[in-house]
Ligand code: G1P
Ligand code: ZN
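Numbering (our numbering), first residue to last: 2 to 545.
Here it is as structure tokens:
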């Protein structure tokens with residue numbers, strides 16, 4: 002092993018977004034690009050001497066090459082132990098679990114989540130801290146600063162490490178362990194849920210489900226847990242082999258991208274339960290027979306029923322939801338007499354609340370749900386929570402959902418995404434909205450009057466940090482709310498997200514199509530922001 006110092010120059014734009022640094026693969030493939038960012042991570046968390054680092058990714062194109070580079074650099078930077086997922090695989094929640102279980106210093110996860118993979122698609126790199134959670138803002142800001150001043154990075158000359166067989170390797174003084182990426186995570190799930198009860202559900206053969214791994218990272222996890230440990234029939238998990246390009250698909254578990262799964266839950270021979278997860282395994286979509294569960298409702302329903310689940314039988318201490326997520330969870334929190342925190346978009350904002358023991362469950366409208374068992378959202382965890390709930394209640398999913406609405410009322414919710422729009426016009430639109438905040442109250446749009454409007458900012462009750470400009474909120478006199486924000490995870494142009502939600506508690510109006518129930522609010526949203534004029538689009542690209 003020969004340590005080497007490589008002279009380099011900063012690349013502009015190495016600023017981590019909502020979830021790490023995400024760029025096109027070709028950008029990462031430029032000489033020194035990846036190395037600069039990895040060194041910037043090490044510089045901002047260092048000194049690294051004697052520490053343990055976890056490394057893994059979602060298996061997308063460039064995953065393996067990146068892992069070899071990181072292993073050499075980690076050795077040169079003094080880490081004494083590297084835990085690397087076999088084949089370079091670790092789902093985001095499994096990485097969080099492994100960091101916590103082995104008390105690592107932190108971990109590097111390679112993923113661009115639900116963005117497509119392949120030579121001309123997306124790649125990403127994110128750092129998780131010792132608590133297993135995404136690096137908080139002050140850490141990512143420091144990484145960016147480091148990347149803008151970097152002059153050298155450190156590596157070693159050594160052969161590629163065999164990532165495919167389990168066991169121990171060594172580079173100089175650095176011990177490298179290739180670990181089973183599934184087992185620690187599967188054990189954790191078994192400790193939280195009533196596996197015998199869920200196995201009972203499958204045993205009768207009457208309950209039929211499908212899990213769509215979308216050729217992304219959760220295939221091996223879902224097979225081990227659902228088919229091997231819980232006895233679901235072979236073939237329950239489809240698209241189970243992680244592929245570098247996700248089979249050409251878009252590994253985002255929603256009704257648009259998991260169309261085939263959605264169709265299997267409809268009609269005469271419909272399955273009882275369906276679920277899908279995204280590229281790196283932290284998102285989930287859950288479906289019942291003829292029933293789609295909005296993630297905002299899912300969080301609220303899990304919270305309302307947590308006491309029925311072994312891992313949460315003592316009750317939950319608090320809930321948190323990202324600001325654009327509907328207020329369904331707030332109603333459950335109020336009835337349980339616990340706090341519901343409203344945080345900016347992005348899982349990193351839940352970390353402090355979880356660490357401080359202020360919340361047990363948290364979630365985002367973007368198909369993210371999780372708890373204090375790890376510090377990431379967790380796709381399979383949510384699926385198992387639902388299966389456990391179904392096993393306890395012995396009711397169809399649709400009934401569990403409608404019972405919930407009957408008790409708490411329903412928060413209709415939809416998100417409209419305008420993808421790849423002109424970045425300047427999108428920013429101008431948000432700026433215009435920001436400037437008009439004071440004048441909006443009292444004005445009418447599509448027959449609705451604005452009650453109040455603001456630009457969301459968050460004061461973290463634990464470390465007292467402030468996050469400003471987190472989304473424009475407009476509240477209307479019918480109880481409806483519209484939120485406008487630009488995505489922090491896209492890699493091309495800008496993505497405008499428009500979130501609409503409105504509460505309904507009249508028993509005869511709980512079963513509408515959300516697009517219909519929210520039609521007037523959607524119209525008002527367009528008028529307030531001038532979406533059509535600014536984006537030049539007549540309709541959103543994706544509706545969830
Ligand atoms: C999106 C979601 C957000 C989620 C993030 C990472 O971020 O909206 O809730 O935490 O992906 O999965 P955005 O692109 O909106 O910044
Ligand atoms: Zn993800």
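Where is the CB? At the ideal position from N, CA and C, for every residue including glycine.
* Could you round the C-beta distance between residue 246 and residue 62 to whole angstroms and report it? I think they count as a contact, below 8 Å. => 6 Å
* Asked: Is residue 346 near the ligand ZN, in the sense that its beta carbon is under 8 Å from a heavy atom of that ligand?
  -> no
* For residue 365, I'd like the list of residues in its chain whose CB is within less than 6 Å of its CB, leaving aside the five on either flank, ordered along the chain. => 323, 326
* With a CB to CB cut of under 6 Å and the five nearest residues on each side skipped, what residues in its chain are close to residue 39? -> Non-local C-beta neighbours of residue 39 in its own chain, meaning closer than 6 Å and more than five positions away in sequence, comprise 71, 74, ordered along the chain.
* From what residue to what residue does the beta strand (DSSP E) around residue 313 run? -> Counted as a single uninterrupted DSSP element, the stretch harbouring residue 313 is not any beta strand (DSSP E), since DSSP gives it neither H nor E.
* Mind checking whether the beta-carbon of residue 496 lies closer than 8 Å to any heavy atom of the ligand G1P? -> yes
* To do: Compare the beta carbon distance of residue 222 and residue 99 with 9 Å and say whether it is the shorter of the two.
  => no
* Asked: Which whole-angstrom value describes the C-beta separation of residue 502 and residue 419, a residue pair presumed to lie in contact below a C-beta threshold of 8 Å?
  -> The Cβ separation is near 18 Å, so there is no contact.
* residue 510 in three-state terms, based on DSSP -> Helix, per DSSP.
* To do: Put residue 449 into one of helix, strand or coil per three-state DSSP.
  => In the structure shown, the three-state DSSP call for residue 449 is strand.
* **residue 140, DSSP secondary structure in three states** => helix
* Of the residues 218, 212, 482, 168, which one's Cα is nearest the Cα of residue 235? -> 212
* To do: Run the proximity test for residue 284: is its beta-carbon closer than 8 Å to any non-hydrogen atom belonging to the ligand ZN?
  => yes
* For residue 31, count neighbouring C-beta atoms within 10 Å of its own C-beta (all shown protein chains included) and say buried if the count is 16 or more, exposed if not. => exposed
* Asked: Rounded to the nearest angstrom, how far is the Cβ of residue 76 from that of residue 172, given a contact under 8 Å?
  -> Sure, about 4 Å apart at Cβ, within 8 Å.
* Verify the contact flag: residue 245, CB atom, against every heavy atom of the ligand G1P, threshold strictly below 8 Å. => no
* To do: Determine the contact status of residue 403 and residue 512, defining contact as a CB-CB distance below 9 Å.
  => Taking 9 Å as the cut-off, the beta carbon of residue 403 is found closer than this to the beta carbon of residue 512.
* Does the distance from the CB of residue 210 to the CB of residue 388 come in under 9 Å? -> yes
* To do: Tell me whether residue 171 sits in a helix, a strand or coil according to DSSP, three-state version.
  => strand
* Residue of 132, 119, 114 minimising C-alpha distance to residue 126 -> 114
* **Endpoints, the beta strand (DSSP E) within which residue 103 is located** => From DSSP, residue 103 is part of no beta strand (DSSP E); its letter is neither H nor E.
* To do: Could you tell me if the beta carbon of residue 97 falls within a distance shorter than 8 Å of some heavy atom in the ligand SAM?
  => No copy of the ligand SAM occurs in the structure displayed; its ligands are the ligand G1P and the ligand ZN alone.
* Asked: Should residue 352 be listed as close to the ligand G1P, given that the test is whether its C-beta is under 8 Å from any heavy atom?
  -> Short note on residue 352: C-beta not closer than 8 Å to any heavy atom of the ligand G1P.
* Asked: Tell me, which residues are paired with residue 178 by DSSP?
  -> 84, 169
* **Distance between residue 443 and residue 117 (C-alpha atoms, nearest Å)** => If you draw a straight line from the Cα of residue 117 to the Cα of residue 443, it comes to about 43 Å.
* Asked: Excluding five sequence neighbours on each side, which residues of the same chain lie with their C-beta closer than 8 Å to the C-beta of residue 168?
  -> 178, 179
* Would you say residue 489 touches the ligand G1P, meaning its beta carbon is less than 8 Å from a heavy atom? -> Indeed, a heavy atom of the ligand G1P lies less than 8 Å from the Cβ.
* Asked: By Cβ distance below 6 Å, which residues in the same chain neighbour residue 1 in space, the five residues on each side in sequence not counted?
  -> Since the first residue shown for the chain is 2 and the last is 545, residue 1 is missing from the structure and cannot be characterised.
* Asked: Do the CB positions of residue 379 and residue 285 come within less than 9 Å of each other?
  -> yes
* **Top-ranked residue by Cα proximity to residue 159, from 452, 166, 69** => 69
* **Boundaries (first-last residue) of the beta strand (DSSP E) holding residue 215** => Looking at the DSSP string, residue 215 is not in any beta strand (DSSP E), and its letter there is neither H nor E.
* Counting pairs of beta carbons, one from the region 390-404 and one from the region 192-212, are three or more of them closer than 8 Å? -> Touching, yes.
* **First through last residue of the beta strand (DSSP E) which encompasses residue 225** => Element bounds for residue 225: n/a, residue is neither H nor E.
* Straight-line CA distance for residue 409 to residue 13? -> 49 Å
* To do: List the residues that DSSP assigns as beta-bridge partners of residue 320.
  => Paired residue(s): 341, 362.
* Give every residue of the same chain whose Cβ lies closer than 7 Å to the Cβ of residue 295, excluding the five residues on either side of it in the sequence, and list them in chain order. => Counting only Cβ-Cβ distances below 7 Å, and skipping sequence neighbours, we find 414.
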